[in-house]
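Report on one structure; see the data block that follows.
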Amino acid sequence: MSNYILDFEAPLKVIDEKIDMLRLTGTKTGENVSSNIKKLEAKLEQKKADIYSKLSRWDRVQLARHPNRPHSLDYIRMISEDFFELHGDRYFAEDPSVVCGLMTMEDKPYMVIAQQKGRTTKENLYRNFGMSRPEGYRKALRIMKLAEKFNVPILTLIDTMGAYPGLGAEERGQAEAIARNLFEMPLLEVPIINLVIGEGASGGALGIGVGDRLFCQENTWFSVISPEGCASILYRDSSRAFEAADAMKVTAADLMEMGIADKIIPEPNYGAHYDSDGAAKVVKETLIKEFQYLLNMDKEELLRQRFVKYERIGSWKE
Amino acid sequence: MVEWFRRSTDKIKTISKKDTAEGIWVKCPRCTQVIYSEELKKNQYVCSGCSHHFRITSQQYFNMLLDDPKNILEIGKNIESVDPLKFNAVSKYSDQLKAAKEKTGYNDAIRTVVGEIGGYKTAIGIMDFSFIGGSMGSVVGEKISRLVSYAISNKTPLIIVSASGGARMQEGSYSLMQMAKTSAMVAKFSKEKGLFISILTDPTTGGTTASFAMLGDIILAEPNALIGFAGARVIKQTIGQDLPEGFQRAEFLLDKGFVDSIVHRSDLKNTLIKIFKFFKYHPDHLVT
Ligand SMILES: [Zn+2]
Numbered sequence: 218m219s220n221y222i223l224d225f226e227a228p229l230k231v232i233d234e235k236i237d238m239l240r241l242t243g244t245k246t247g248e249n250v251s252s253n254i255k256k257l258e259a260k261l262e263q264k265k266a267d268i269y270s271k272l273s274r275w276d277r278v279q280l281a282r283h284p285n286r287p288h289s290l291d292y293i294r295m296i297s298e299d300f301f302e303l304h305g306d307r308y309f310a311e312d313p314s315v316v317c318g319l320m321t322m323e324d325k326p327y328m329v330i331a332q333q334k335g336r337t338t339k340e341n342l343y344r345n346f347g348m349s350r351p352e353g354y355r356k357a358l359r360i361m362k363l364a365e366k367f368n369v370p371i372l373t374l375i376d377t378m379g380a381y382p383g384l385g386a387e388e389r390g391q392a393e394a395i396a397r398n399l400f401e402m403p404l405l406e407v408p409i410i411n412l413v414i415g416e417g418a419s420g421g422a423l424g425i426g427v428g429d430r431l432f433c434q435e436n437t438w439f440s441v442i443s444p445e446g447c448a449s450i451l452y453r454d455s456s457r458a459f460e461a462a463d464a465m466k467v468t469a470a471d472l473m474e475m476g477i478a479d480k481i482i483p484e485p486n487y488g489a490h491y492d493s494d495g496a497a498k499v500v501k502e503t504l505i506k507e508f509q510y511l512l513n514m515d516k517e518e519l520l521r522q523r524f525v526k527y528e529r530i531g532s533w534k535e
Numbered sequence: 011m012v013e014w015f016r017r018s019t020d021k022i023k024t025i026s027k028k029d030t031a032e033g034i035w036v037k038c039p040r041c042t043q044v045i046y047s048e049e050l051k052k053n054q055y056v057c058s059g060c061s062h063h064f065r066i067t068s069q070q071y072f073n074m075l076l077d078d079p080k081n082i083l084e085i086g087k088n089i090e091s092v093d094p095l096k097f098n099a100v101s102k103y104s105d106q107l108k109a110a111k112e113k114t115g116y117n118d119a120i121r122t123v124v125g126e127i128g129g130y131k132t133a134i135g136i137m138d139f140s141f142i143g144g145s146m147g148s149v150v151g152e153k154i155s156r157l158v159s160y161a162i163s164n165k166t167p168l169i170i171v172s173a174s175g176g177a178r179m180q181e182g183s184y185s186l187m188q189m190a191k192t193s194a195m196v197a198k199f200s201k202e203k204g205l206f207i208s209i210l211t212d213p214t215t216g217g218t219t220a221s222f223a224m225l226g227d228i229i230l231a232e233p234n235a236l237i238g239f240a241g242a243r244v245i246k247q248t249i250g251q252d253l254p255e256g257f258q259r260a261e262f263l264l265d266k267g268f269v270d271s272i273v274h275r276s277d278l279k280n281t282l283i284k285i286f287k288f289f290k291y292h293p294d295h296l297v298t
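Protein sequences, first through last, are from chains A and B. Residue numbers for the first sequence follow the working numbering, so the first one is 218 and each next one is one higher. Residue numbers for the second sequence follow the working numbering, so the first one is 11 and each next one is one higher.
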């Protein structure tokens, strides 16, 4: 059982505590409790399966932010043999909320552009809670151009609440930095896979989120604004975020239905927060397979299909 | 992107037909001078006292820029939103759409046409802030996409006049993806060596700024127009301090290096013609 319990997991905690108590009793009294423990463990498993089979949108949002969920650098460590980080946008500064570098996976080269959150307060301050400044987007573009030059495919990992809303960020052209990436990414002559590993909100996520495929892990969300942001605008009350999550339809399954996501990557054993190795394994397998497919495509055809993908997105009548 | 909702209740109002009816006086929100509305119209909705540029409708803007506002080919005129998420929070998006259509007489927050500016055939889109805060959803994205396609096929210059609070939250990630869609189209146009002039008017914020609006080969702005990505209120909350005077205004962006020039409305049309001529576009009176 994880040491961090979400509201919807409360019933699991109750059973888990019962098991602990029973064990303690067994040790103290020498009584044989193993059959009772087994029963409870079966009950726990049943309950867990039950809860995880009907997660609400808001549950998914919480799972996407679960502290035990792997972050970008965790995934990079788990799926690659080697990673060498490259820093700086060459104009103004280094932005540690975006990690870029050379990754080797099954002996093949990939360029990684990844939004990185922290776990401790210190880490989070260093990573700016995964909210990028213009320098982050400009560094990402610089590294993506490098990838294109040497014909290396690009993997972007999306995990952000949005671009950083700061004074300096505005002064240095946050909007321009994001827009520039949206302009350049469709033209890059190498395969690009965008993978949502946690949360993805607004232009801040999209700024590294344009490519040939958008994959979402099972317990992730991606939308135009965070449910909290939406709720604070609509209801002037961010605590009604669960309603906003429903209204905006923010989950991976929703994105599949809208034709925006291309694939949901399943998370075995109830999610990446329980089984990060399992999650990473599926991610790796999926990426290798899809990159192989994209790398075999003719460049012109790759770009043509990429444009068609974006030209088609939307819903209207005429 | 989030600020249109609040701004739509601002005291700074778009001049509507009612306000500009004969005999109505308008108070300038900036210098409080009272202006006769016919006078304001003649002056392209700019205050003669302080040069405040009033927010105007797409039609008023078309009238200002086009040689003959009636000699146009409207692109995607009948495209309408279908409320894809059946969005219902506080109010129904479908009701909001209905009200906005009734209020403005338009189908959505942009009108895209082919018309002539100084004899130059031009693909031009103009946004309406009065239509749900000029927000960009699927319809705005599709109309811009088609407008750019026209400009590519017909080798005309492209102009987009922005007046927008950003992406349209009521369409969720559909609206987010319109940023990618419109930017990809601008990229395609640029690769074909097309000229894109982006004109930023009050206000241009959020996902609109962070996509096509910031991608002009030349970016012009109206004086004092609010232009930015994040909303001032959010930034203030985040950094916990007051924002400098003139923050996110056109002059601030010029100073920081993000617009090419601030152009007064009375000079705008001539400026565009000058740029077309400089880049050797050919006047073509045939709008087809
Ligand atoms: Zn005035």
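For every residue, glycine included, the Cβ atom is placed at its ideal position computed from N, Cα and C.
{"Check": "Neighbourhood of residue 235 of chain A by C-beta distance below 8 angstroms, restricted to the same chain and skipping five residues each side", "Outcome": "257"}
{"Check": "Helix, strand or coil at residue 447 of chain A according to DSSP, with G and I counted as helix", "Outcome": "helix"}
{"Check": "Contact under 8 angstroms by Cβ, residue 387 of chain A with residue 206 of chain B", "Outcome": "no"}
{"Check": "CA-to-CA distance, residue 463 of chain A to residue 274 of chain A, given in whole angstroms", "Outcome": "6 angstroms"}
{"Check": "Chain-ordered neighbours of residue 393 of chain A on chain B, where CB pairs are closer than 7 angstroms", "Outcome": "224 and 268"}
{"Check": "Where the beta strand (DSSP E) containing residue 434 of chain A begins and where it ends", "Outcome": "430-434"}
{"Check": "Outcome for residue 222 of chain A when other beta-carbon atoms lying within 10 angstroms are tallied against a minimum of 16", "Outcome": "exposed"}
{"Check": "Rounded separation between residue 291 of chain B and residue 166 of chain B - CA only", "Outcome": "8 angstroms"}
{"Check": "Cα-Cα separation, residue 85 of chain B to residue 72 of chain B", "Outcome": "14 angstroms"}
{"Check": "Per-residue contacts from residue 219 of chain B into chain A (C-beta, under 7 angstroms)", "Outcome": "392"}
{"Check": "Alpha carbon of residue 54 of chain B to alpha carbon of residue 226 of chain B, nearest angstrom", "Outcome": "24 angstroms"}
{"Check": "Exposed unless 16 or more other CB atoms sit within 10 angstroms - verdict on residue 80 of chain B", "Outcome": "exposed"}
{"Check": "Contact list for residue 92 of chain B against chain C, beta-carbon separation under 7 angstroms", "Outcome": "Annotation note: the requested chain C is absent from the structure, which comprises protein chains A and B."}
{"Check": "Own chain, CB closer than 8 angstroms to residue 279 of chain B, minus 5 neighbours either side, in chain order", "Outcome": "74, 75, 127 and 128"}
{"Check": "heavy atom of ligand 1 below 7 angstroms from residue 40 of chain B C-beta", "Outcome": "yes"}
{"Check": "Inter-residue Cα distance where the pair is residue 510 of chain A and residue 504 of chain A", "Outcome": "10 angstroms"}
{"Check": "Interface flag, residue 440 of chain A vs chain B, CB-CB below 8 angstroms", "Outcome": "yes"}
{"Check": "According to DSSP, residues forming a beta bridge with residue 259 of chain B", "Outcome": "B:236"}
{"Check": "Separation of residue 65 of chain B from residue 43 of chain B, as counted between CA atoms", "Outcome": "16 angstroms"}
{"Check": "is_contact[residue 248 of chain B, chain A] using C-beta, thresh 8 angstroms", "Outcome": "yes"}
{"Check": "Cross-chain neighbours of residue 473 of chain A in chain B, by beta carbon under 9 angstroms", "Outcome": "By Cβ distance, chain B contributes nothing, its closest Cβ being about 11 angstroms from residue 473 of chain A, past 9 angstroms."}
{"Check": "Assigned exposure category for residue 211 of chain B - 16 Cβ within 10 Å defines buried", "Outcome": "buried"}
{"Check": "Span of the alpha helix (DSSP H), counted from its first residue to its last, around residue 72 of chain B", "Outcome": "68-75"}
{"Check": "Between the CA atoms of residue 218 of chain B and residue 240 of chain A - distance to the nearest angstrom", "Outcome": "60 angstroms"}
{"Check": "Enclosing alpha helix (DSSP H) for residue 46 of chain B [first to last residue]", "Outcome": "Counting along the chain, residue 46 of chain B falls outside any alpha helix (DSSP H), though it belongs to the beta strand (DSSP E) covering 44-46."}
{"Check": "Beta-carbon proximity of residue 268 of chain B to residue 393 of chain A, cut-off 8 angstroms", "Outcome": "yes"}
{"Check": "Cα-Cα separation, residue 443 of chain A to residue 351 of chain A", "Outcome": "20 angstroms"}
{"Check": "Contact the segment 191-202 of chain B vs the segment 437-454 of chain A: 3+ CB pairs below 8 angstroms", "Outcome": "no"}
{"Check": "Contiguous alpha helix (DSSP H) assignments of at least 4 residues, all confined to the segment 385-439 of chain A", "Outcome": "391-401 and 419-423"}
{"Check": "For residue 135 of chain B and residue 162 of chain B, believed in contact at Cβ under 8 angstroms, the rounded distance", "Outcome": "Between residue 135 of chain B and residue 162 of chain B the Cβ distance is about 14 angstroms, and since that is not below 8 angstroms, they are no contact."}
{"Check": "Beta-carbon spacing of residue 380 of chain A, residue 371 of chain A below 8 angstroms", "Outcome": "no"}
{"Check": "Buried versus exposed, by CB contacts within 10 Å (16 or more), residue 123 of chain B", "Outcome": "buried"}
{"Check": "Contact with chain B by residue 467 of chain A, beta-carbon distance below 8 angstroms", "Outcome": "yes"}
{"Check": "Three-state secondary structure (DSSP) of residue 466 of chain A", "Outcome": "coil"}
{"Check": "Residue 62 of chain B beta carbon near ligand 1 (any heavy atom closer than 7 angstroms)", "Outcome": "yes"}
{"Check": "Contacts that residue 97 of chain B makes with chain A (C-beta to C-beta distance below 8 angstroms)", "Outcome": "464 and 465"}
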